[in-house]
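Novice:
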Amino acid sequence: MVTSIRRIGILTAGGDAPGLNAAIRAVTKSAILVHGWSVLGFEDGYEGILTGRARPLTLDSVRGLLPIGGTLLGTSNRTNPFWCALTELGDREPRDHSETLIRSLQRYELDALIVIGGDGSLSIAYRLWQLGVPIVGIPKTIDNDVRGTEMTIGFDTAVAVATEAIDRLHTTAESHHRVMLVELMGRTAGWIALYAGLAGGADAILLPEVPFSLDAIVEVIARRERAGRPFTIIAVAEGAQPRGGEAVYEVTGPQPYQRKYGGICRVLEEQLARRVRLEVRSMALAYLQRGGPPTARDRALATTLGSAAVDAVAAGAFGQMVAVRSDPHGRAMPSVVTVPLAEPARGPRLVPPNHPLLTAARRLGISLGEDGEVVDTTTGSS
Ligand code: F6P
Numbered sequence: 088m089v090t091s092i093r094r095i096g097i098l099t100a101g102g103d104a105p106g107l108n109a110a111i112r113a114v115t116k117s118a119i120l121v122h123g124w125s126v127l128g129f130e131d132g133y134e135g136i137l138t139g140r141a142r143p144l145t146l147d148s149v150r151g152l153l154p155i156g157g158t159l160l161g162t163s164n165r166t167n168p169f170w171c172a173l174t175e176l177g178d179r180e181p182r183d184h185s186e187t188l189i190r191s192l193q194r195y196e197l198d199a200l201i202v203i204g205g206d207g208s209l210s211i212a213y214r215l216w217q218l219g220v221p222i223v224g225i226p227k228t229i230d231n232d233v234r235g236t237e238m239t240i241g242f243d244t245a246v247a248v249a250t251e252a253i254d255r256l257h258t259t260a261e262s263h264h265r266v267m268l269v270e271l272m273g274r275t276a277g278w279i280a281l282y283a284g285l286a287g288g289a290d291a292i293l294l295p296e297v298p299f300s301l302d303a304i305v306e307v308i309a310r311r312e313r314a315g316r317p318f319t320i321i322a323v324a325e326g327a328q329p330r331g332g333e334a335v336y337e338v339t340g341p342q343p344y345q346r347k348y349g350g351i352c353r354v355l356e357e358q359l360a361r362r363v364r365l366e367v368r369s370m371a372l373a374y375l376q377r378g379g380p381p382t383a384r385d386r387a388l389a390t391t392l393g394s395a396a397v398d399a400v401a402a403g404a405f406g407q408m409v410a411v412r413s414d415p416h417g418r419a420m421p422s423v424v425t426v427p428l429a430e431p432a433r434g435p436r437l438v439p440p441n442h443p444l445l446t447a448a449r450r451l452g453i454s455l456g457e458d459g460e461v462v463d464t465t466t467g468s469s
């Protein structure tokens, strides 16, 4: 189906991620230069539609945006139009604002809306599409946990920042003969910790998908010490959990996704300090992973997905998300495809048990905190 489009809206929702501005630029430039459409940017995600905060995006307003982190439009990971309280709308308690949102979009006379979001914001987009809103999604999140795509905007930059941090921790850990724990973001998925842990030569990598045993970690540290390497670097995903135990998080609301992860490294620091001879230190890389300029790869990905999203709108492919998909036979370059928004709405994409990076880690003797591992005491750059 090909529709007649004159005016589109765009918003960024959820946590920010490096490359959002590059995506906004790509959408705006393709919409104007290829199709002659006008573009309206909503501020702070879905909140901008509900509270009437929008601004026209022109070729001038997106000039110079490519290397800039954050999002020109602002974002929010608190406003779910299906259940939120907005003081601007006189709310004291949360309520369903989806009808208000649809009416507001009609007032703006938009023919389509492009939502740049993670799994939460894209699930909202899916529900809005089911209510008749012509939506196309673009996947972004440093966590890389959006179903239906193999890569999200922001992930490459987060991995680069985390890898550099692990590189830097090596020299101080070795000098002080310490165990260093570094906590990396990702909520229930361990993609950042897995990629950065491997790239940075961590001695152990703890992921939510592979529950760990404290004994196994103690054993890694002890073996390395016995082998004359009295220091250990451990990359820990914020959602990592002990076997038979729970991840560390704060409940921020009644929905299952309303959890703020963080703190596992402090817990592990205390527990390990009681069990090992070496000093133990922990740190969380936190928002440094999300801030700052995008890598070249994220800029290229954001540009490709942004322009593909405009193509999808032109083709009337609503209810779809643009996505990266590898050739299953590994013969061709990954391609950009569209997948139904129902995919990201199915929940986060976790590291599968047979992922090649997990296999490589095990083969190289990098500990995943599993019992009975064959740990190489000379792994990585340690
Ligand atoms: O979804 C991206 C993410 O960076 C997660 O990895 C992290 O747990 C979360 O956002 C933190 O977000 P905030 O503190 O902004 O709510």
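Quick note: the sequence shown, position 27, residue 114 per the working numbering, numbers continuous. Glycine residues also receive a C-beta, built at the ideal position from the N, C-alpha and C atoms.
Identify the continuous beta strand (DSSP E) that holds Lys347 and give its terminal residues.
Specialist: Where Lys347 is concerned, the enclosing beta strand (DSSP E) stretches over 346 to 348.
Novice: Under the three-state reduction of DSSP, which class applies to Val461: helix, strand or coil?
Specialist: DSSP places Val461 in coil when its eight states are reduced to three.
Novice: DSSP has Lys227 in a bridge; who is on the other side?
Specialist: Ile240.
Novice: Taking the beta strand (DSSP E) that Ser369 belongs to, which residues open and close that run?
Specialist: Residues 366 to 371.
Novice: Taking Cβ to Cβ, would you say Leu209 is nearer than 7 Å to Gly219?
Specialist: Not closer than 7 Å, so no.
Novice: From the DSSP output, which residues share a beta bridge with Arg255?
Specialist: Paired residues: none, contrary to the question.
Novice: Helix or strand or just coil, what does DSSP make of Val335?
Specialist: The answer is coil: DSSP assigns Val335 none of H, G, I, E or B.
Novice: From the DSSP output, in three-state form, read off Thr275 for me.
Specialist: The answer is coil: DSSP assigns Thr275 none of H, G, I, E or B.
Novice: Go through the segment 90 to 170 residue by residue and report every complete run of the alpha helix (DSSP H) that reaches 4 residues or more, in order.
Specialist: Those alpha helix (DSSP H) runs which fall completely within the segment 90 to 170 and span 4+ residues are 107 to 117, 133 to 138.
Novice: Roughly how many angstroms separate the alpha carbons of Pro295 and Arg412, rounded to a whole number?
Specialist: Each residue's Cα considered, the two are about 24 Å apart.
Novice: Straight-line CA distance for Ala252 to Gly349?
Specialist: Cα to Cα, the separation comes out at about 18 Å.
Novice: Quick one, are the C-beta atoms of Asp470 and Asp458 less than 7 Å apart?
Specialist: Since the first residue of the chain shown is 88 and the last is 469, residue 470 is not available in this structure.
Novice: Taking Arg362 as the reference, which of Pro343, Ala303, Gly332 has the closest Cα?
Specialist: Looking at the Cα atoms, Ala303 is the closest of the given residues.
Novice: Looking at Arg274 and ligand 1, is the gap between the Cβ and the nearest heavy atom below 6 Å?
Specialist: Checking the Cβ of Arg274 against ligand 1 gives yes.
Novice: Got a sec, what are the start and stop residues for the beta strand (DSSP E) Thr292 sits in?
Specialist: Contrary to the premise, residue 292 reads as Ile rather than Thr in this sequence. Segment 291 to 293, the beta strand (DSSP E) holding Ile292.
Novice: Look at the alpha carbon of Asn231 and the alpha carbon of Pro143, and state the distance between them as a whole number of angstroms.
Specialist: Roughly 30 Å between the two C-alpha positions.
Novice: Once the 5 residues before and after Val305 are set aside, which same chain residues still bring their CB inside 8 Å of it?
Specialist: Hits under 8 Å: Leu359, Arg362, Val363.
Novice: Alpha carbon to alpha carbon, what distance is there between Arg165 and Glu357?
Specialist: Looking at the two C-alpha atoms, the distance is approximately 32 Å.
Novice: Touching or not, the segment 198 to 217 and the segment 93 to 109, by the rule of three or more beta carbon pairs under 8 Å?
Specialist: Contact between the segment 198 to 217 and the segment 93 to 109 is present, because at least three Cβ pairs lie under 8 Å.
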